[in-house]
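Residue numbers (the numbering used here), protein chains in the order written: chain A, 395 to 1278; chain B, 395 to 1278. Here a beta-carbon is modelled for each residue, glycine too, at the ideal position from N, C-alpha and C. Below is one structure; the comments refer to it alone.
Here it is, written out as structure tokens:
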């Protein structure tokens, strides 16, 4: 049996959106509710999908079904497509399941022809209108359906206007347009070699085909990719009777929202134009009028419209975005859908709808798009900005930054600390640049990915960052940035959009973050719903305070290495690394201990008794040293220039050390607990600093921090057992010396495949697991993030080889399987084990949905993603409950 | 209830080896069989293990049980330890489960004392003998049990000989020795502060303690590590009545083997000395006489000994290594064990024992230590060599090489091709050195691990290689190698032992590889038993021929990248990499195609119709380019020295390319099928070259190669699907053009954790899986092999954090779990899937045992390990059958 590929309006309803598309289901639902909608029928998404699968061939029966549906349609309205009496004109529009505004094609006025144009002129009493429709149709059909170039038509129109000595289309007469129509037909015939189908039914088939095709056009693909819409959904096609808003002063067209989409306020919001078609509103030839004024002009239609808006909002229990046309005083609704809105509006609408009793709190939470909240949490570029970016890199740390370009960290630090707004531009940043980063509004790098040093540090400090902007050329001598022929000198103002990766060579207006009552109300409901704990990754006091303010229930990851990068600390760190004996190493560590302690005190103070999970030193030691290439070049330069022998000896020695620490693959090298195994004094020092800090805060603030000490990069049970013993011995020694008691827990990162595979063995020594899904993704997939995002992985994404960047959204099949396995095995061996995630996936809504499914205890993410995670966790819980 | 810690000889038998140790079980078994053995008892390994666990404290009841056992012993022999009449003297010897010759301690003559010395003199009728025993005992007890230094005793002995004006110990009289005994006692008392225990029972307890302790001494630990003997087995202690081979001309001592341990020939083999103790044989003071001569000297004892040898060999059904003593014409057996033997002997003995009907073929195979066969397969350093190595690196490719030192590849190539034997010495090798490697006897590098370029290439070519000899300093200008104060100049002869990593600064004698009838016979039995297929990794015709000769059933891994490293090919490869357009790339690939084709032809010809699995291009492209640091230095040097602008521009451009290709973590970078995705022309060219070669060989040789094309580094189903399509399209096109048919299969390496985790998805597009366990280990454990083996991993091994190098023997819990999972899932999705391993684990016996357990189809290893793998696979099958 053949599928049913067409549905008359009366056959559909809102629930059939997957089959009829948003528009098709919307107009069917309105018809059901008695709202006036032009008659017509819908070709299903299924028909489009099968056509794509067949390489463009229509499925069996589709043509016949369209033919039949059209015949029924003609019978209902008593008109015939393209007929010389009572002709039917139709619009042919795309209608995807998820709204993709403007991405696909539309054909209007189909059915107008040499046969029918006379009847239309007569019926409308407006010959000019009839010929205007006809010439527009020929051009639209030619361009959209037959793929002809629009230039020839435009040239003919311009020539006509010149001949007539007029400036505007509207100044052409009916006779002019008739002549133009003839010319347009000639143009089409010439381009098509005479294959112009004159039968309107044939034109309709071709138009449907064209709409199917437009699902695959490049801009639609890009839009879907950006919005994570699957490529295989296909579009429905809506065939509806044309109604005309341009049939005189009692006709009009417009769009309206049931609430304000910018603010969420409950007030009419919309625009209309009398004697106009939809295109006129969009094209901006005439300025539309505010909807309120319609009450005066077309009072009956206005009242009907307002009633319809109330009806539809109550019916859908959400703010509606509607299109309407009034033809000779009669209102027709052409479309209704849930209106797109800003984050602020989304929160207000959700809160209000609950107050109004239209939806419950769960539904309100369900309505929030967590990702959208990002808008609220960073100063953002004013959405009305129209400037063009000079280049685009990776959106490495969200928010916007405006400041003067500087090309080295010292200048950035100096200018920044004297109150100037600067943006630091580097090929890539190193630990030596940290002081400059701290004093900048934002960071731009030509190299490196989403976990590059610049990106990690910037996110840690909540600074916007655009990384890996590979098109830019940086000349550090001349202090210039060059891209696409444009040159930015030191001191020139630039703007970064860390949320999109865009870079502008001017100062754009920023708008401040907004966290209002509505936000607090709705996020409170989310907190009531969610099961997953939400903690934050934060490495210093201010970040911890920000995290707490944004609702973090603790610090799930406090990295201790950024503390070592401080200008005042790097020398002690070098001393530790270069130590020739255990004694020398201990001396250096003794210097570092009080610094670490004060860092921890700041964090513990900010968290006021909430849990803090401190990860012991993680990166390979060479990260604290100069770069190998630079140091080799430096030594050679000194040699060739005959530098002082003493200086040369020092630099040579440093080079030897750098060479010794150099690793082919540092990601797989001597780091994490491997350092703690080789140099047990390091974890010992860190454990002492943590406990001393906790005791100091208890003493001073009366707050007992919930301490968790986390061992990184464990892959063997023995590693954790040894490290745990070192930590416990040092911590207990400090407590004994102080004569105090303080509970603390020792756990581990699970960030290597083996750790997940033998989680049962490791769990025997752990109080908690925190999945480090960044590194786990790198090793499980064999992808070095820094190398790949500008390389093959970006290409894979562009080509659709991977659907989602696995570093943004967890790879459920691979990495997810390990997280699930590690959790299951870990808990089986140790039922008291608590399990969370502290990779970037901890702040990604889709990943959070997975973590909810497999029953993790908590996620930890960067402070500014905490609110997003709170909503995402609540929505994940709701979705899971619904699925059951 | 207390454990039973002591066993009288009559209480034990051969099956109790784990409890009584090899020696204890051996003498108990001999007792059971009526062979004359001195009476005594054994303290169990269990007692030692518990003592170690208690931190040196003896377990409850041990002291009492030894006391009782001694009393029973005294009653049986009618003698009393240390008594003045009928005194009992005993030996106290270690006896581990696995023989550890000479690694632990022994105390002889315990029971001699001021009380008993007189009776001993009287009984033996030899006062000198009694006092000689006594002074020896005091020294041995002092050194071994009480940990005193031997110097003072030696000095006293020397002084005595000087006073008496004699050269040899044996020239001292009874009186002299009595005086020396008194001096020795004084020395002991002084050093111990008077705490010298005079009670022989107390001495016995302490001696047992000392033997326990010696299990933990450094040389025993090193020996166990080298031989993979677990550290927690403990040693038994054997207390036996002393018998004396030095009581005159009717006394003697000796060792004997039931067959020749060097050749395996069935002939008496042994040595003896009359009027001597065991030590005299070992110390080499007197030259022992061949065993055959004993027939003349001590005919009765000789006949008894020969009978005993036959008895014991038949009983154990294996060649025995025995120790005996004849006291006054009476034969006593002190020890019997399966004799250690060379690989050649092992094969001959096994083959002969089968012929003699003593064992069956399965038992013969079970007796072969596969690892030992390595001896047979490479020219080896004559085992009688006593030279001291100048340094030691990693044993990167087995075998021995002797040749003149050269420090650059060009010289090596030139001298080598003119017939000179050279050894190439480099800091590390690069693709540019390949011609030098080819013409060298072996390679020595200061840098790099077991998978370094040098190591991989050397193994590929079957050349010995010592890599990562970190102690050596290489001066390429002066052409010298310096280590430990020694300097090797170009042209000086050196010897490498690639099986041990040792380097010698002289020419050592080599012995050629031996593959005789016995080998072929026994390996044939192994082939009948094993289920696992054994294939080889080989990249060129000669290697393929060698693999086939050594019994490989196919090529399981033919890497195609080494072919690109050839001097004549690198330029075309550079052209391909630097290509600015698809057309330029294609032009370069067109040059490479015929070169690849001819390589494949050579391999297919050598394999004569056996399967060949060709892996498509795998390494990141920058491996074919100059090193980043060198190129940066070169450019800077040219800049500072003011080089020609044109030349400089060229080098700068090259530097820019090298920078662009540079990756932070190349192991996780753009390589494997990722290259084939980005540049589909590469797999296409390779597929064409493979098929053309197969057709050419079919035409010329009439041999149809069983073609398998393997896609590397897949982690997504889509990658394999795309690559498969490219390969199939190209291959089918070649076949169509030639008008021929040829079956081929397309499969993939499983070498990333994700690939194993989603093996079900990947198997849908694969005809076969080959686990690349080298890379799989690196990513699963997060360990970069090159960095780690000279770094933390070596340290982990030394410290016992890991028991075995996971790159040598598969990590069963982690990596093994993935191999098992990938196999299971893959076969579930595709029941026709064949599954093998082509990492280095494919040639490791313990890993092969695991692969047998999880039911893989085949292993592939380097050609010289093929015989080892054949035996290991057979033994694994036998072990599995036994376990069932």
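| query | Is residue 1215(A) near residue 1157(A), with beta carbons less than 9 Å apart? | reply | no
| request: Taking residue 1016(B) as the reference, give the member of 521(B), 545(B), 971(B) with the closest Cα. | output: Residue 971(B) is the option with its Cα nearest to residue 1016(B).
| task | Please determine, among 720(B), 682(B), 1258(B), the residue with the shortest C-alpha to C-alpha distance to residue 693(B). | result | 720(B)
| field | Residue range of the alpha helix (DSSP H) that includes residue 1262(B) | value | 1260-1277
| request: Answer yes or no: does any C-beta atom of chain A fall closer than 9 Å to that of residue 1031(B)? | output: yes
| What do you reckon, are the CB atoms on residue 636(B) and residue 427(B) nearer than 9 Å? | no
| Among 712(A), 994(A), 966(A), the one whose alpha carbon lies nearest that of residue 655(A) | 712(A)
| Cβ-based neighbour list, residue 1135(B), same chain, cut-off 8 Å, excluding 5 preceding and 5 following | 1129
| field | Beta-carbon spacing of residue 381(B), residue 950(B) below 9 Å | value | Since the displayed chain B opens at 395 and closes at 1278, residue 381(B) lies outside it and no answer follows.
| Closer than 9 Å to chain A by CB, residue 1139(B) | no
| field | Rounded separation between residue 774(B) and residue 1040(A) - CA only | value | The straight-line gap from Cα to Cα measures roughly 49 Å.
| field | Residue range of the unbroken alpha helix (DSSP H) whose run includes residue 1168(B) | value | For residue 1168(B), the uninterrupted alpha helix (DSSP H) segment begins and ends at 1167-1175.
| task | List the residues of chain A that residue 688(B) touches, going by C-beta distances under 7 Å, in chain order. | result | Within chain A, no residue comes near residue 688(B); the closest Cβ sits about 54 Å away, beyond 7 Å.
| message | Just checking: is the beta-carbon of residue 1063(A) within a distance shorter than 9 Å of some beta-carbon in chain B? | response | It does: the Cβ of residue 1063(A) has a partner Cβ on chain B nearer than 9 Å.
| Pick from 644(B), 730(B), 663(B): whose alpha carbon is nearest that of residue 691(B)? | 644(B)
| request: Answer with buried or exposed for residue 841(B), where buried requires no fewer than 16 other C-beta atoms within 10 angstroms of its C-beta. | output: By the 10 Å Cβ count, residue 841(B) comes out buried.
| message | Please give the ranges of any beta strand (DSSP E) in the region 613-655 of chain B, keeping only runs that are unbroken, at least 3 residues long and fully inside the region. | response | Correct list: 629-635, 646-651.
| said: Could you check whether residue 658(B) and residue 792(B) sit closer than 9 Å to each other, using their CB atoms as the reference points? | reply: The Cβ atoms of residue 792(B) and residue 658(B) do not sit closer than 9 Å to each other.
| Would a C-beta distance cut-off of 9 Å place residue 1270(B) and residue 1246(B) closer than the cut-off? | yes
| field | Unbroken stretches of the alpha helix (DSSP H), 4 residues or longer, contained in the region 813-840 of chain B | value | 828-832
| query | When we look at the beta-carbon of residue 931(B) and count the other beta-carbons within 10 Å, is it buried (16 or more) or exposed? | reply | buried
| task | Go ahead and label residue 965(A) buried or exposed: buried means 16 or more other beta carbons lie within 10 angstroms of its beta carbon, across all protein chains shown. | result | Answer is exposed; the Cβ neighbour count stays below 16.
| task | Can you give me, in chain order, the residues of the region 1089-1116 of chain B that have a beta carbon less than 9 Å from any beta carbon in chain E? | result | Annotation note: the requested chain E is absent from the structure, which comprises protein chains A and B.
| request: Return the chain-ordered list of same chain residues with a C-beta closer than 7 Å to the C-beta of residue 677(B), the five sequence neighbours on each side being excluded. | output: Its pLDDT being 48, under 50, residue 677(B) is placed unreliably by the model, and nothing is read from it.
| query | For residue 1164(A), which of 1127(A), 929(A), 806(A) has the nearest alpha-carbon? | reply | Out of 1127(A), 929(A), 806(A), 929(A) has the C-alpha closest to the C-alpha of residue 1164(A).
| query | Mind listing which residues of the region 1019-1050 of chain A have their C-beta closer than 8 Å to chain B's C-betas, in chain order? | reply | Residues passing the 8 Å Cβ filter: 1022, 1023, 1026, 1027, 1030, 1031, 1034, 1035.
| request: Would you verify that the beta carbon of residue 1182(B) is, or is not, closer than 9 Å to some beta carbon of chain A? | output: yes
| said: Along the chain, where does the alpha helix (DSSP H) containing residue 1131(B) start, and where does it finish? | reply: 1111-1132
| field | Proximal chain B residues relative to residue 1207(A), where beta-carbon distance stays under 9 Å | value | 1148, 1151, 1152, 1155
| Can you name the residues of chain A whose CB is closer than 7 Å to the CB of residue 1177(B)? | 1062
| query | Cα-Cα, which of 1262(A), 1277(A), 1276(A) is closest to residue 762(A)? | reply | Considering only alpha carbons, the answer is 1262(A).
| request: Kindly list the residues whose CB is nearer than 6 Å to the CB of residue 640(B), restricted to its own chain and excluding five residues on each side of it in sequence; keep chain order. | output: Contacts found: 669, 670, 671.
| request: List the residues of chain B that residue 1071(A) touches, going by C-beta distances under 9 Å, in chain order. | output: 1186, 1189, 1190, 1193, 1195
| Where residue 399(A) sits in the DSSP three-state scheme | coil
| Which bits of chain B does residue 820(A) rub up against, with CB to CB less than 8 Å? | In chain order: nothing, as chain B lies at least about 16 Å away.
| request: Determine the chain B residues that contact residue 1224(A) at a beta-carbon separation under 8 Å, and present them in chain order. | output: By Cβ distance, chain B contributes nothing, its closest Cβ being about 17 Å from residue 1224(A), past 8 Å.
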